[in-house]
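Undergrad:
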Amino acid sequence: ADIVANYDWKTKKFYLPIGLRLGKVWVWEKSSLNVYGEYRTSAVYKNWEGSAVKNSYRLNVSYTIPVGKKK
């Protein structure tokens, strides 16, 4: 997911999430495997009136295979 910084023009408040993602992709002739872990937190959120993440963790594993006829 994307990490988006926000600025509220009415209240002049700033929200900045940061994160770290580490992973590996294995590519084979007919498929691939993507594995990663991700950590997210908020770097700047003082007095932010909206929702703000304190700590977020994600583990992702995705496997892709070709679909359709080879040309």
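Using this note's numbering, the final residue of the sequence shown is 85, and nothing's skipped along the way.
From the three backbone atoms N, C-alpha and C, an ideal C-beta is built for every residue, glycine too.
(1) Would you call Y71 buried or exposed, if buried means 16 or more other Cβ atoms sit within 10 Å of its Cβ?
(2) Using the rule of at least 16 other Cβ atoms within 10 Å of the residue's Cβ for burial, across every protein chain shown, is Y29 buried or exposed?
(3) Below 7 Å, is the gap between the Cβ of S76 and the nearest heavy atom of the ligand FMN?
(4) On a Cα-Cα basis, can you pick out the residue from S76, P80 and G82 that is closest to N48?
(5) Going by DSSP, what residue range makes up the beta strand (DSSP E) through K44?
TA: In this structure, then:
(1) exposed
(2) buried
(3) This structure does not include the ligand FMN; it has no bound ligands of any sort.
(4) S76
(5) Per DSSP, K44 belongs to no beta strand (DSSP E) and is neither H nor E.
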